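Chains as they are written, first to last, in the working numbering: chain G, 1 to 390; chain P, 391 to 566; chain S, 567 to 725; chain D, 726 to 1167. No residue lacks a Cβ here, since even glycine has one placed at the ideal position from N, Cα and C. Here the structure is a predicted model, which means the values were calculated and not measured.
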């Protein structure tokens, strides 16, 4: 038992929000670390007045492994599995980010087939991750059914990943210098089948959840994050685009082969409320799935036979130097600041987890929300604690 | 015989609940004892054949008023059950008032002319309706005006006002 | 805008506070004097041709050999689509630097993390507490001389 | 190489299930059952002795009544339990099918019919946890306070003419009163748990139920007005003779009142989209966060008993009760069928819609539902005023309207059945590749 003082800044009440002559007791509510809608072991201390939240203070670190310290003790190749555990819903994208960082510093060129495979798998994983995000967002809003539908589709992707890599969640498939092994025969055909099946399903989810009146009432005009605020707090990914900023690394600073593909950047337009509300952030994810399908189709068309690995030694040794490299993950920009002293393991590897930065806006948006809106807000920010706590 | 038994049961429950209201220290428990008493009285109404009255007692008092009461009590005091024991001087004063009331009640009961009446016929709801909208229309409307006034007063009291206090500094310690 | 042009603008603004700079290579950045950080950070954000509106990351790198702790601020401009980095070198014994959280609120949590894991103190930070580790954790794990602890609140760790 | 196929579900026979049950729970369950059997036996002996003693000493002249009451009460108790057990199993099956899953399939061979029983057995074995800081007496009492009123409501609900525990001229009000005091158990549970989540659940339940009682009562009163009785049997009997005699179709106000009643009854049963008191994603589990084991089951039972009770009220008052819609003999089976359909719609709604927020709940009630039901109430009374002494203008309209409205109702129902049939026919296309191989008959 330890007493932790919770500090609140002096001005908690907004003007005219609470009638001051009726004495109401503030209730300090400990949301998490075990709570269904904190999406992991996040703990938020809520100071509430009835159902009104006056202040929210997140406490992190329940899933802290100090991956950055681990990185300094293992070789580059050995660290790839640890990147799986960062954003465990988008392990392919994490693998890709780390591999690209190391390849950038090492100046490694990788063969085109590996590049396209990487794009396909990363985009498939983006779909899987967004399915999880949108489905569980429905669950946060009390709609149970969309989650199961989304899982049904995600199951396909998991099967595709299993066929390619042998794993269903932590793939370590995209490695330094290419991909670990080639996809099995008939895989691309199955992938196309999935895309044909999946595309019309998105409309179905929209009819079921996105355009549901209650759902719109719950999410539109809730947790409004104007574009300036989003940029100031370093929001990236769907959270930033939901605020109406058309910023996507895949388009703005294309990495891997993204420059070759046609796709749009969906942004929040304030369709049912104000730009940057929860509904916008949610719907950007839905629209991104459509774009991912487009990218995968183009990449599948360009996928030709060839080697899938560059000539990279078993123990990678990088020249001394440093690099900061970012990729567009489903949740935002995943950055690796890699400092090498010429050895076989990083001298310092700083990981910028997009969820970590996105979550930092919670204390700003939470005041004057209702208790139920906190679930809406957290779900729309879509955090993965593995990445927040690293 | 059976009726007497049931009467004793309900009357006894009402008395016990009444005493328990006085003796319990937690406000929420008091509220629940009050509910018990209201239900017991409703049972007595049923026993007398006044079904409409009994049902209304439960519907309005237990289902409505008591719920709001519990609701309010629950919000005001949380686990710090305030000890509601009166002080010595207070107790004397209260005892005097209670004694006067008790004596008055007992005297009036003793002096009342009790007549064995007949139980109201079964179709009591219709009769109550007729008398409320016929014989007692005036008082009935007056009561509704009174309720309206009470409602307006409540709305007036609960209206939002401009904040008068300055920025509030809140510092709270939670034990984890 | 290329890195060299960005560097040129920074030099025009305050050439004296630049310790070293490189516009070429994989990691174009400028190393500035720690006490000039807030001013230059403000310049980088507000100067319309730079427009660094997004602070991506703050990396703290412990270098016992040079007896310094490096802080690298990775910046991005979403309006102009260019990146740059600013570095400050702090003394290892007592690393202190002014917070930039007033300029980029995103820095708030990154600075708390640097404080937590590397032990850099940020002055004028609104809420400088440990963020990932418990309040009473001994030491800062990402320092190179950090000793793995064997016991924490009665919890024994196997190496 | 590509493993997209899943092994088909192996359906087990009944004998297999019994063996499974015996082996799975044999270690703990059977001794426990035996202990329970002793307890039940002893209780039965005590009750029997007390019963005989009472009969001999006091109520000789009332004996036939007493026996009847005893049998009926035991029967009703069994009925409520069966409703809850089938309801829970049904809810899981319905949710499963809505979500393109199967729901329970193993326990009891045929579509997992024994799942609720197995769950009940599991719950009985679970530890009855009471938080250290809870208000223990209230914590223990709360589940009973939720379950008993829900059961009491059935004492006045007629299942048919004469199929009722007690006729009372105010039986409608009695049922409403019993449904209203169920909330006390919930509030008590929330408060006594000494958990803030539970307290929030209790607060929400209090707000919601007290508010929605009013539109619910007003919608029913609109119907009561056109029959002129608060007696449920009379209300049901007034609608004998086919679907066009149902109160639902008697005038446009009552048609609307049925829907307002149904919405309000969802709120009073804490069903989605009004399931805020137990809203999982917000309040963990709301008022029953701290409950486990059999006390939790009691809340569950109370919920399902309440669901059926409000559906039964809707059936009796709006849908002709036990009367046959096509003009055949009336029967309690019709009553059960109609009520079950309404319960099913509740489940359907629950697994489709998101949950609304507390301010929207109150907003919807006070700003829309309450004025609207008041309007319906007044409109219905005016209709009654002009139509029942056969005002010439109304006479023909009032005679024809039930057919028109009835056709509209039938169309709605037909639309539903068309949708359901469409879904069933194209289930392969609709449920997706992964699940379809598991669906029996797919």
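### Message
Taking 8 Å as the cut-off, does the region 999 to 1008 of chain D touch the region 1077 to 1089 of chain D (at least 3 CB pairs, one atom from each stretch)?
### Response
The answer is yes - the region 999 to 1008 of chain D touches the region 1077 to 1089 of chain D, with three or more Cβ pairs under 8 Å.
### Message
Quick check: the Cα distance between residue 1047 of chain D and residue 1143 of chain D, rounded to an integer number of angstroms?
### Response
Working through the fourth chain from its first residue, we reach residue 1047 of chain D at position 322. Working through the fourth chain from its first residue, we reach residue 1143 of chain D at position 418. Roughly 25 Å separates the two Cα atoms.
### Task
Give a yes or no on whether the C-beta atoms belonging to residue 974 of chain D and residue 1130 of chain D are separated by under 8 Å.
Translated into the one-based positions of the fourth chain, residue 974 of chain D becomes position 249. Translated into the one-based positions of the fourth chain, residue 1130 of chain D becomes position 405. Against a cut-off of 8 Å, the Cβ pair of residue 1130 of chain D and residue 974 of chain D comes out as a contact.
### Task
Run the CB neighbour count on residue 228 of chain G, radius 10 Å, all protein chains shown included, and call it buried at 16 or more, exposed below.
Residue mapping note: residue 228 of chain G aligns to position 228 of the first chain, counting from 1. Counting Cβ neighbours within 10 Å, residue 228 of chain G comes out exposed, since fewer than 16 surround it.
### Task
May I ask you to verify whether the region 267 to 280 of chain G touches the region 172 to 186 of chain G, counting CB pairs closer than 8 Å and requiring at least 3?
no
#### Entry: From S/710, S/618, S/637 and S/571, residue whose alpha carbon lies closest to that of residue 646 of chain S
Counting from one through the third chain, the residue named residue 646 of chain S turns up at place 80. The option with the nearest alpha carbon to residue 646 of chain S is S/618.
#### Entry: Rounded separation between residue 351 of chain G and residue 359 of chain G - CA only
Residue 351 of chain G sits at position 351 when you count from the first residue of the first chain. Residue 359 of chain G sits at position 359 when you count from the first residue of the first chain. Here the alpha carbon of residue 351 of chain G sits roughly 15 Å from the alpha carbon of residue 359 of chain G.
### Task
Check the DSSP bridge columns for residue 640 of chain S and list the partner residues they point to.
As a position in the third chain, residue 640 of chain S is number 74, starting the count at 1. Bridge partners of residue 640 of chain S: S/623 and S/651.
### Task
Kindly say whether residue 826 of chain D, judged by its beta-carbon, lies nearer than 8 Å to any beta-carbon of chain G.
Reading the fourth chain from its first residue, position 101 is the one you call residue 826 of chain D. Using beta-carbon distances, residue 826 of chain D counts as an interface residue toward chain G, with a partner under 8 Å.
### Query
If you pair each beta-carbon of the region 73 to 92 of chain G with each one of the region 287 to 303 of chain G, do three or more pairs fall below 8 Å?
No, they do not touch.
### Reduced DSSP secondary structure (H/G/I, E/B, other) of residue 175 of chain G
If you number the first chain from 1, residue 175 of chain G lands on position 175. Strand, per DSSP.
#### Entry: Alpha-carbon spacing of residue 493 of chain P relative to residue 914 of chain D, whole angstroms
Here residue 493 of chain P is taken as the residue at index 103 of the second chain, counted from 1. Here residue 914 of chain D is taken as the residue at index 189 of the fourth chain, counted from 1. If you take the alpha carbons of residue 493 of chain P and residue 914 of chain D, they lie about 40 Å apart.
#### Entry: Which residues DSSP lists as bridging residue 273 of chain G, in chain order
Reading the first chain from its first residue, position 273 is the one you call residue 273 of chain G. DSSP links residue 273 of chain G through a beta bridge to no other residue.
### Residue(s) in a DSSP beta bridge with residue 335 of chain G
Reading the first chain from its first residue, position 335 is the one you call residue 335 of chain G. Answer is G/326 and G/352.
### Query
So who's on the other strand from residue 894 of chain D, going by DSSP bridges?
Taking the first residue of the fourth chain as position 1, residue 894 of chain D is located at position 169. Residue 894 of chain D pairs with nothing; no bridge assigned.
### Task
Taking residue 1108 of chain D as the reference, give the member of D/868, D/912 and D/950 with the closest Cα.
For the purposes of this step, residue 1108 of chain D is taken as the residue at position 383 of the fourth chain. Of D/868, D/912 and D/950, the residue nearest in Cα terms is D/950.
#### Entry: Per-residue contacts from residue 36 of chain G into chain D (C-beta, under 8 Å)
In the first chain, the residue the question calls residue 36 of chain G occupies position 36. Ordered by position in chain D, the residues that pass the 8 Å Cβ test against residue 36 of chain G are 1005, 1006 and 1009.
### Task
Compute the Euclidean distance between the alpha carbons of residue 922 of chain D and residue 87 of chain G, then round it to the nearest angstrom.
As a position in the fourth chain, residue 922 of chain D is number 197, starting the count at 1. As a position in the first chain, residue 87 of chain G is number 87, starting the count at 1. Taking the straight line joining both Cα atoms gives about 30 Å.
### Query
Are any of the Cβ atoms in chain G nearer than 8 Å to that of residue 614 of chain S?
Residue 614 of chain S sits at position 48 when you count from the first residue of the third chain. No, no contact with chain G.
#### Entry: Below-8 Å beta-carbon distance, residue 895 of chain D vs any chain P residue
Taking the first residue of the fourth chain as 1, we reach residue 895 of chain D at position 170. Yes, its Cβ sits closer than 8 Å to a Cβ of chain P.
### C-alpha gap between residue 793 of chain D and residue 502 of chain P, whole angstroms
What you label residue 793 of chain D is simply residue 68 of the fourth chain in a count that begins at 1. What you label residue 502 of chain P is simply residue 112 of the second chain in a count that begins at 1. Computed Cα separation, rounded: 41 Å.
### Query
Which residues does DSSP pair with residue 225 of chain G in a beta bridge?
Your numbering for residue 225 of chain G matches position 225 in the first chain. Looking at the DSSP assignment, residue 225 of chain G forms no beta bridge with any residue, so it has no partner.
### In DSSP terms, what residue 987 of chain D is bridged to
Taking the first residue of the fourth chain as position 1, residue 987 of chain D is located at position 262. Paired residue(s): none; residue 987 of chain D is not in a bridge.
### Message
For residue 146 of chain G and residue 289 of chain G, what's the separation of their Cα atoms in angstroms?
### Response
In the first chain, counting from the first residue as 1, residue 146 of chain G sits at position 146. In the first chain, counting from the first residue as 1, residue 289 of chain G sits at position 289. In this structure, the CA atom of residue 146 of chain G is about 15 Å from the CA atom of residue 289 of chain G.
### Three-state secondary structure assigned by DSSP to residue 31 of chain G
As a position in the first chain, residue 31 of chain G is number 31, starting the count at 1. Strand at residue 31 of chain G.
### Query
chain G partners of residue 1000 of chain D, CB-CB under 9 Å?
Taking the first residue of the fourth chain as 1, we reach residue 1000 of chain D at position 275. Near residue 1000 of chain D (Cβ distances below 9 Å), the residues of chain G are 142.
### Message
Short of 7 Å in beta carbon distance, which residues of its chain neighbour residue 967 of chain D, apart from the five on each side in sequence? Order them along the chain.
### Response
The residue labelled residue 967 of chain D in the question sits at position 242 within the fourth chain. These residues qualify, in order along the chain: 1050, 1051 and 1052.
#### Entry: Stretch pair the region 231 to 238 of chain G + the region 616 to 636 of chain S: three plus CB contacts closer than 8 Å
The region 231 to 238 of chain G, when compared against the region 616 to 636 of chain S, does touch it at the 8 Å Cβ threshold.
#### Entry: Residue nearest to residue 258 of chain G in terms of C-alpha spacing, selected from G/365, G/39 and G/328
Working through the first chain from its first residue, we reach residue 258 of chain G at position 258. The residue with the shortest Cα to Cα distance from residue 258 of chain G is G/328.
### Message
Can you check whether the C-beta of residue 212 of chain G is within less than 8 Å of a C-beta belonging to chain D?
### Response
The count along the first chain starts at 1 and reaches residue 212 of chain G at position 212. Yes - at least one Cβ of chain D is within 8 Å of the one on residue 212 of chain G.
### Query
If you drop the 5 nearest sequence neighbours on each side, which residues of the same chain put their C-beta closer than 8 Å to that of residue 726 of chain S?
Residue 726 of chain S is absent from the model: chain S starts at 567 and stops at 725.
### Query
What are the start and end residues of the alpha helix (DSSP H) that includes residue 958 of chain D?
Working through the fourth chain from its first residue, we reach residue 958 of chain D at position 233. It spans 957 to 962 - the alpha helix (DSSP H) in which residue 958 of chain D sits, taken as one unbroken run.
### Message
What does the Cβ neighbour count give for residue 211 of chain G, buried or exposed, with the cut at 16 atoms within 10 Å?
### Response
In the first chain, residue 211 of chain G corresponds to position 211, counting from 1. The residue in question, residue 211 of chain G, is exposed, as its Cβ has fewer than 16 Cβ neighbours within 10 Å.
### Query
Going along the chain, which residues of its own chain have a beta-carbon closer than 6 Å to the beta-carbon of residue 597 of chain S, five neighbours each way excluded?
Locating residue 597 of chain S in the third chain gives position 31, where the first residue counts as 1. Excluding residues within five positions, the ones whose Cβ falls inside 6 Å are 585, 586 and 653.
### Query
In the structure shown, what three-state DSSP assignment does residue 677 of chain S receive?
In the third chain, counting from the first residue as 1, residue 677 of chain S sits at position 111. Note: residue 677 of chain S maps to helix in three-state DSSP.
### Message
By the 7 Å beta-carbon criterion, what residues does the region 1062 to 1090 of chain D contribute toward chain G?
### Response
Within the region 1062 to 1090 of chain D, the qualifying residues are 1076, 1077, 1078, 1079, 1080, 1081, 1082, 1083, 1084 and 1085.
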